[in-house]
Each structure stands twice: as C-alpha cells, then as structure tokens.
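Taking the numbering used here, the leading residue of the sequence shown gets 20, the next gets one more, and so forth. Note that beta-carbon positions come from the ideal geometry of N, C-alpha and C, so glycine has one too. These numbers come from a predicted model, not from an experiment.
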Amino acid sequence: MSTDPSLPEPPALEHCYRHPSEQTGVHCTRCARPICPACMIEAPVGYQCPDCVAEARREFRRGPGRRIAVANAKGTSLTTAILVTLGMMYAIEVIPVGPGALFSGPSLLRLLELGGNFGYGVIGGSEVGVAAGQYWRLFTSMFLHANLVHIALNAYALFLFGHVIERELGRIRFALIYLTTGLFASAVSFALASPRQVGIGASGAIFGLFGAFFAYNYRRRHQALAAARIRQMVLLLVINLALG
C-alpha cells in the first residue's frame, strides 16, 4: 500500500513516565518527559509534570527563605536606606525654598547647586558642569528629583520591588546594578541632552534593577511566581510610561 509523501507523519505516541499504560504525545515543558492527561498541570507555557511543579515550589520556599534570614540578620536593607536618602535629599531641596516647593519642587538653580547632571555653563564667572570636570554630578544627580510626583513615582517603584530584588539577587549585586545602571543613565543623559539642561532622578538606576530582575525571572518563567512578577513589572512600566 502506497502512502502520499506530501502528508505529514502522525506524531509518535509515547507512554507517560508515571503511568506506563497511558499513551501520550504531550511533554513536560520543563523536563521534557511524556505526561498523560492525569499528570498535566497547566503552566504559563504548556504543561508541566507533578515532579517539576513540586520541585519549583521547593525552590521558591527554600531559596528566598535563606536570603531573607541573611538580610534580616544584617539589619536595614539597602532598599530602605536608598528610600530614606531620596526622601532626605528632597527635603534638602525644598525646605530652604518654602512650603510651596513641596509639591512644585525646587528651582533649576537649586538643583544645579545640589549636584544636578549639567553639561557645561559659566555661572557667576565660574565654569560649571560635567564637561568642566565636575564628574561627581553623574552620581549626585541620581538622588535629586524635580517635584513631589517625580520622587513619589520612583519611590513607589523602588518600594514595590526593591526589597524583593535585594533578597533574590543579594546586597552586593543589588548595589552594583543600582550604581552601575544609574551612572550609565547619567552618562547617556550628559552625552545626548542639551549641555544647558539639568538632568536628575533615580529612574535610570531603578529601571536598571527592573531590567536585571526581569531577566532573572524570565529565565524562570515556567514557575508561576516568576511569571506573575514579570506581569507586575510590565504593568508598572506601562503606568510609568503613561504618566511620563
């Protein structure tokens, strides 16, 4: 009997690794073992077997627990320290200006005095800016904000995910990512913006943390908690972009 070569071959049926009497063409998306309908547990992508689901749950219970204990033993988290620093710096920005500046923020001159990211200019007969050798502005500008809405959005984003990111990645990596991406964002702003524009804000550092944590969870996207975190980060990013 001849067969039509143009027709695709039917998928080969295998036997479920837990129920050898059951034939199936479905595989676990994590370990690739064949699973029957009784063993299929819905995952963000396809289905997983009971063993992989149980192992994923153990990983999340075991891993973060150890890191949380270490973080608590060492005292105040970096996330809390950064949030307090941002709040203190905003108070330094607005208190000398007056109560009205709490919502509207300080003047550009005040931000410049406190270390805003500024390209180049001559003020009061003195050269001012990164191009004039004031490279520290790339760092200090990360802790300044334009107004109450600006700092509130950044502080909320850091509060929402900062503690989780710090526990998962560890303090050292958290600090390195925050500082490195923040400085990189300041350098890009200096290179691309007008030399007379004052750049400020912790957005570069915070979104750098988001990017690293997104990649961390994307590698674990088959786990329900990681998939939920990805959805939360995307939603928060959309809200921030919508609010400008």
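Quick one: Cα of V103 to Cα of A110, how far?
As a position in the sequence shown, residue 103 is number 84, starting the count at 1. As a position in the sequence shown, residue 110 is number 91, starting the count at 1. Taking the straight line joining both Cα atoms gives about 11 Å.
Kindly indicate which three-state DSSP category T48 falls into: helix, strand or coil?
Position 29 of the sequence shown, counted from the start, is the residue given in the question as residue 48. T48 falls in the coil class under three-state DSSP.
Which residues share a DSSP beta bridge with V64?
Here residue 64 corresponds to residue number 45 of the sequence shown, with the count starting at 1. Answer is none; V64 lacks a bridge partner.
Contact check, C58 vs P69 under 8 Å by CB: the rounded distance?
Taking the first residue of the sequence shown as 1, we reach residue 58 at position 39. Taking the first residue of the sequence shown as 1, we reach residue 69 at position 50. C58 to P69, Cβ: 6 Å. Contact.
What three-state label does DSSP hand N166 in the structure shown?
In the sequence shown, the residue the question calls residue 166 occupies position 147. Residue state, collapsed to three classes: coil.
M252 beta carbon less than 8 Å from that of S205
As a position in the sequence shown, residue 205 is number 186, starting the count at 1. As a position in the sequence shown, residue 252 is number 233, starting the count at 1. Contact flag unset, no.
Among G134, Q67, A151, L133, which residue has its Cα nearest to the Cα of G140?
As a working mapping, residue 140 is identified with position 121 in the sequence shown. Residue A151 is the option with its Cα nearest to G140.
For the alpha helix (DSSP H) holding I114, just list the boundary residues, first then last.
Position 95 of the sequence shown holds residue 114. Here I114 belongs to no alpha helix (DSSP H), and DSSP marks it neither H nor E.
From the beta carbon of V103, is the nearest beta carbon of chain B less than 8 Å away?
Of the chains in the structure shown, none is chain B; there is only one protein chain.
Measure the alpha-carbon distance for F178 versus T98 and round it to whole angstroms.
By one-based count along the sequence shown, residue 178 stands at place 159. By one-based count along the sequence shown, residue 98 stands at place 79. Their Cα atoms are separated by approximately 7 Å.
Strand pairing of T43, partner residues [DSSP]
Along the sequence shown, one-based indexing puts residue 43 at 24. Bridge partners of T43: E33.
How would you label I196, buried or exposed, when you count the other beta carbons within 10 angstroms and need 16 or more for buried?
Along the sequence shown, one-based indexing puts residue 196 at 177. By the neighbour-count rule (16 or more Cβ atoms within 10 Å), I196 is buried.
Burial state of G84, where buried means 16 or more other Cβ atoms lie within 10 Å
As a working mapping, residue 84 is identified with position 65 in the sequence shown. Model confidence at G84 stands at a pLDDT of 47, short of 50, so the residue's coordinates are unreliable; what they give is reported in the following sentence. The residue in question, G84, is exposed, as its Cβ has fewer than 16 Cβ neighbours within 10 Å.
Could you spell out where the beta strand (DSSP E) holding V141 opens and where it closes?
Within the sequence shown, residue 141 is the residue found at index 122, counting from 1. Residues 140-142.
Check P53 in the structure and name its three-state DSSP category.
Within the sequence shown, the letter at position 34 stands for residue 53. In this structure, P53 counts as strand in the three-state DSSP scheme.
In terms of residue numbering, what span does the alpha helix (DSSP H) encompassing S205 cover?
In the sequence shown, the residue the question calls residue 205 occupies position 186. Looking at the DSSP string, the run of the alpha helix (DSSP H) that includes S205 is 190-211.
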